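Contents: one structure, followed by commentary.
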Amino acid sequence: MTTVTHDGGQDETSAHPAGGEADPQKLLTPVLSAHWDESDSYTLAGYRRHGGYRALRKALAMDPDDLIAYVKEAGLRGRGGAGFPTGMKWQFIPQGDGKPHYLVVNADESEPGTCKDIPLLFANPHSLIEGIVIACHAIRSHHAFIYLRGEVVPVLRRLHLAVREAYEAGYLGPDALGPGKGLELTVHAGAGAYICGEETALLDSLEGRRGQPRLRPPFPAVAGLYACPTVVNNVESIASVPALVDKGKDWFRSMGSEKSPGFTLYSLSGHVARPGQYEAPLGITLRQLLDMSGGMRPGHRLKFWTPGGSSTPLLTDEHLDVPLDYEGVGNAGSMLGTKALQCFDETTCVVRAVTRWTEFYAHESCGKCTPCREGTYWLVQLLRDIEAGKAGHADLDKIADIADNINGKSFCALGDGAASPIFSSLQYFRDEYEAHLAGRGCPFDPEKSTAWADGPSSAHLEVNA
Amino acid sequence: MTSVEMGIPEMPAPDYPAEVRERLEADAREIIARYPDSRSALLPMLHLVQSEEGHVTRTGQRFCAELLELTTAEVNAVATFYSMYRRKASGDYQVGVCTNTLCAVMGGDAIYASLREHLGVGDGETTEDGKVTLEHVECNAACDFAPVVMVNWEFFDNQTPDSARALVDDLRAGREVAPTRGAPLCTFKETARVLAGFPDERAGAVEASGSAGHASLAGLRMAKGESAPGVVAPRGAATDEEGK
Chain R
862 MTTVTHDGGQ DETSAHPAGG EADPQKLLTP VLSAHWDESD SYTLAGYRRH GGYRALRKAL
922 AMDPDDLIAY VKEAGLRGRG GAGFPTGMKW QFIPQGDGKP HYLVVNADES EPGTCKDIPL
982 LFANPHSLIE GIVIACHAIR SHHAFIYLRG EVVPVLRRLH LAVREAYEAG YLGPDALGPG
1042 KGLELTVHAG AGAYICGEET ALLDSLEGRR GQPRLRPPFP AVAGLYACPT VVNNVESIAS
1102 VPALVDKGKD WFRSMGSEKS PGFTLYSLSG HVARPGQYEA PLGITLRQLL DMSGGMRPGH
1162 RLKFWTPGGS STPLLTDEHL DVPLDYEGVG NAGSMLGTKA LQCFDETTCV VRAVTRWTEF
1222 YAHESCGKCT PCREGTYWLV QLLRDIEAGK AGHADLDKIA DIADNINGKS FCALGDGAAS
1282 PIFSSLQYFR DEYEAHLAGR GCPFDPEKST AWADGPSSAH LEVNA
Chain P
4 MTSVEMGIPE MPAPDYPAEV RERLEADARE IIARYPDSRS ALLPMLHLVQ SEEGHVTRTG
64 QRFCAELLEL TTAEVNAVAT FYSMYRRKAS GDYQVGVCTN TLCAVMGGDA IYASLREHLG
124 VGDGETTEDG KVTLEHVECN AACDFAPVVM VNWEFFDNQT PDSARALVDD LRAGREVAPT
184 RGAPLCTFKE TARVLAGFPD ERAGAVEASG SAGHASLAGL RMAKGESAPG VVAPRGAATD
244 EEGK
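Protein sequences, first through last, are from chains R and P.
According to my numbering, the first sequence is numbered sequentially starting from 862.
According to my numbering, the second sequence is numbered sequentially starting from 4.
And the structure:
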């Protein structure tokens, strides 16, 4: 069990479920989500009422290189999964190269379990737009794009409105970055393809092609959109910049740890009493989040969970006290990913869960790389047989072997993601796979896992009423 | 023609009637102007042609190819890569049940099975009245509202088999239906036009359903002390109740 804390100090997360350490008013730090409960939070007026676009004035008064250094010193790391330092990404853009520079915001949120950028854009799109203008000043870009997955039309409507408002207010347009220094912002809706969340596939898609990842190098910072220097950042990363600039890097660093500073959105979902968005300093634990929010649904216990979407190796109830930051989750053998905390209780069949995720990866594999295209296909065939109890014990080794032949052997991380649930579920739940084989079928009743299994209506609707 | 159906449209395709062509061309020029390189307009233009005919026809593909100076093969390669482009005539309401792991486990599988039986259609099929096309969809970034059903890409959160059946009954009966998050439903074609980048001009469409859904506010409300933490189920206590 991992109990080491990231700051080397006393472990604050008590092993006991009850007590004052779960005081949400002390543990949670709503920044991006601070005003989502106001009826006009998504409008320019609502955003400006709480200091919106104040950071922009400050940033535009700074030299672009100083601004990049400032964001770097603040320690902001990418919130889309990989955790790469945002300021460093900006710094990689060659300056004085005579080519256009582009900022592309990755709003293709599609990783199973991940549900933070969509509510953020729905309730507070201007935080992203302000962050975009600041970032474009830093990297000397005059055209930015928001690549939004297509399947979220309510969010698209609000982005259309917010961008129009920002143009009308002069935050975008011919003099956005100073007299004669314009900035155009294009909202681009995708058309349904998980792979377009991978940054180079996203760029191909934005160029009007099939979304297939590119071989790197060259990296997007050198040859990205239209073969020009391009920064691709996640929505939450860019939306965090205005608060960071406004309140300062010391304030930002007062949250989280040395290597993982700042605040972030954690998304609780699954068999928990109160699913939802919880904005907290990096390094909070799942135990703290569950304790403050009412735990698992009554009468049930946590069986397994993902720290950051289905591509991050599963964890179990052994890992409740792992600090949810980049280092903490990494040390526990997984990845922080998108902080999509999908929690499954003891009614859930892990073989069913992994089979379904694997079907997803097989469906979404773009087909470019053979190990991923063929491997995910064969994993699905074997897993369906295992789930139905029609496979042999050698097939458990075979899925591990196939996963090993996908992992690290394709252009992009989709293949690695497909291997993660296989490896981790075999590591923690091999006996459950074997039970399917021994019992010639699945021992679980899927009806018991449903949201309505324990009562006539959905429990969290009632508690929030 | 061979007997093997490859799904590749027969070319050359007929053109749009002149007045349709003129109208779509004006829209397409507007889309193309958003990008430094015209080819970037292809995805939104495929949404645009879908808003005209309800799916991406060979005529629509020919139109995109001509305006972007691409071959129809290049357009077809893109149109068949993305799951939001329909390849055959379909219903006014695209009902997608999330059956990715979390929603499936929370009840999405049961909802999907129930709708298939209730509507008498299989995956990707349309009811005889042309109203509802049923499909299962992948994770739609609303896991804290599971199980989720999307209709024309608006969110219907926290669904049950009963609520989903009532939903499709309302759609087929022509009753006005409002999503949990999003605007009162318009047809699939009208939705496709918004996806092409033309803002929804209906009064109240942007503000409909409020700033944020209830789950999105769970942490904020707790941080403000507005809702006391619920009773913590003693973890481990359920061990005895396995299979309860």
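Where is the CB? At the ideal position from N, CA and C, for every residue including glycine.
The model shown is predicted, which means the values in this text are computed figures rather than measured ones.
Within chain R, the residues that residue i reaches when beta carbons sit closer than 9 Å
i        : result
Leu49(P) : Ala1052
Closest by C-alpha distance to residue i, when choosing among the options
i          : options                                           : result
Thr194(P)  : Asp95(P), Val140(P), Cys106(P) and Phe159(P)      : Asp95(P)
Lys1309(R) : Ile1267(R), Gln1242(R) and Arg1158(R)             : Arg1158(R)
Lys1164(R) : Pro1136(R), Leu1197(R), Gly1144(R) and Cys1210(R) : Cys1210(R)
Trp859(R)  : Arg1301(R), Asp1265(R), Arg1135(R) and Asn1095(R) : Outside the shown range of chain R (862 to 1326) lies residue 859(R), about which nothing can therefore be said.
Gly974(R)  : His962(R), Ala984(R), Leu1129(R) and Ala1252(R)   : Leu1129(R)
Val52(P)   : Gly228(P), Ala215(P) and Phe201(P)                : Phe201(P)
Leu188(P)  : Val154(P), Glu28(P), Asn161(P) and Ala226(P)      : Val154(P)
Leu1064(R) : Leu46(P), Pro17(P), Gly222(P) and Gly216(P)       : Leu46(P)
Gly222(P)  : Ala883(R), Glu1235(R) and Pro1282(R)              : Ala883(R)
Lys1259(R) : Thr1237(R), Arg1301(R), Asp1277(R) and Cys1273(R) : Thr1237(R)
Ser41(P)   : Glu72(P), Val23(P) and Ser54(P)                   : Glu72(P)
Gln1242(R) : Tyr1127(R), Leu893(R), Pro1090(R) and Asp1256(R)  : Asp1256(R)
Ile1056(R) : Ile995(R), Gly1039(R), Glu1045(R) and Pro1074(R)  : Pro1074(R)
His962(R)  : Ser1098(R), Tyr1139(R) and Val1093(R)             : Val1093(R)
Arg1001(R) : Phe1272(R), Leu905(R), Leu964(R) and Thr1231(R)   : Leu964(R)
Ala1193(R) : Leu1076(R), Ala1201(R), His1180(R) and Met949(R)  : His1180(R)
Glu1060(R) : Gly1250(R), Thr1091(R) and Leu1244(R)             : Thr1091(R)
Alpha carbon of residue i to alpha carbon of residue j, nearest angstrom
i          : j          : result
Phe945(R)  : Arg938(R)  : 5 Å
Ala1312(R) : Val1083(R) : 48 Å
Gly177(P)  : Asp1107(R) : 50 Å
Ser219(P)  : Leu1151(R) : 16 Å
His1297(R) : Glu1248(R) : 6 Å
Ile990(R)  : Leu1240(R) : 41 Å
Ala149(P)  : Phe158(P)  : 11 Å
Val78(P)   : Ala930(R)  : 43 Å
Ala1223(R) : Asn1268(R) : 14 Å
Gly1011(R) : Ser971(R)  : 11 Å
Val180(P)  : Asp1246(R) : 41 Å
Ala1314(R) : Gln1203(R) : 18 Å
Gly959(R)  : Pro1079(R) : 18 Å
Thr130(P)  : Gly99(P)   : 14 Å
Glu120(P)  : Leu1067(R) : 39 Å
Val1102(R) : Ala1280(R) : 33 Å
Glu873(R)  : Leu1143(R) : Per-residue confidence for Glu873(R) stands at a pLDDT of 38, beneath the threshold of 50, marking its modelled position as unreliable; the derived number appears in the next sentence. About 14 Å.
Asp18(P)   : Ile11(P)   : 17 Å
Gly1123(R) : Asn143(P)  : 27 Å
Gly125(P)  : Trp1218(R) : 22 Å
Gly1191(R) : Leu1197(R) : 7 Å
Ser1226(R) : Cys1233(R) : 7 Å
Ala199(P)  : Pro39(P)   : 17 Å
Ala44(P)   : Phe84(P)   : 16 Å
Thr1167(R) : Ser1195(R) : 9 Å
Cys67(P)   : Ala996(R)  : 34 Å
Leu1046(R) : Arg37(P)   : 9 Å
Within chain P, partners of residue i - CB distance below 7 Å
i          : result
Glu970(R)  : Ala144
Arg1019(R) : Val209
Gln1203(R) : Leu105 and Cys146
Where residue i meets chain P, residues with beta-carbon distance less than 9 Å
i          : result
Trp1112(R) : In chain order: nothing, as chain P lies at least about 17 Å away.
Trp1218(R) : Asn103 and Thr104
Partners in chain P for residue i, counting only beta-carbon separations shorter than 8 Å
i          : result
Ala1214(R) : Thr104 and Val108
Contacts that residue i makes with chain R (C-beta to C-beta distance below 7 Å)
i         : result
Met153(P) : Glu1012
Thr163(P) : Trp1313
Ser219(P) : Trp897, Pro980, Ala984, Gly1137 and Gln1138
Leu45(P)  : Gly1069
Phe158(P) : Pro1015
Interface partners of residue i on chain R, CB under 8 Å
i         : result
Ala116(P) : Those within 8 Å of Ala116(P) in chain R number zero; the least Cβ separation is about 10 Å.
Pro39(P)  : Pro961, His1004 and Tyr1087
Under 9 Å from the C-beta of residue i: neighbouring residues of chain C
i         : result
Gly200(P) : Here chain C cannot be found, since the structure's protein chains are R and P.
Closer than 7 Å: residue i CB and nearest the ligand MG heavy atom
i          : result
Ala1037(R) : Looking at this structure, you won't find the ligand MG or any other ligand, since it has none at all.
If the cut-off is 9 Å on Cβ atoms, which residues from the region 172 to 184 of chain P count as contacting chain R, listed in chain order?
Pro182 and Arg184
Any contact between the region 1208 to 1225 of chain R and the region 91 to 109 of chain P? By contact I mean 3 or more CB pairs, one from each, below 8 Å.
yes
Please determine if the region 1008 to 1028 of chain R and the region 978 to 987 of chain R are in contact, where contact requires at least 3 C-beta pairs separated by less than 8 Å.
yes
Would the region 81 to 92 of chain P and the region 55 to 67 of chain P be scored as touching if the rule is three or more Cβ pairs under 8 Å?
yes
At least three beta-carbon pairs within less than 8 Å, the region 919 to 928 of chain R to the region 1109 to 1116 of chain R
no
Three-pair Cβ contact test at 8 Å for the region 1025 to 1034 of chain R versus the region 11 to 27 of chain P
no
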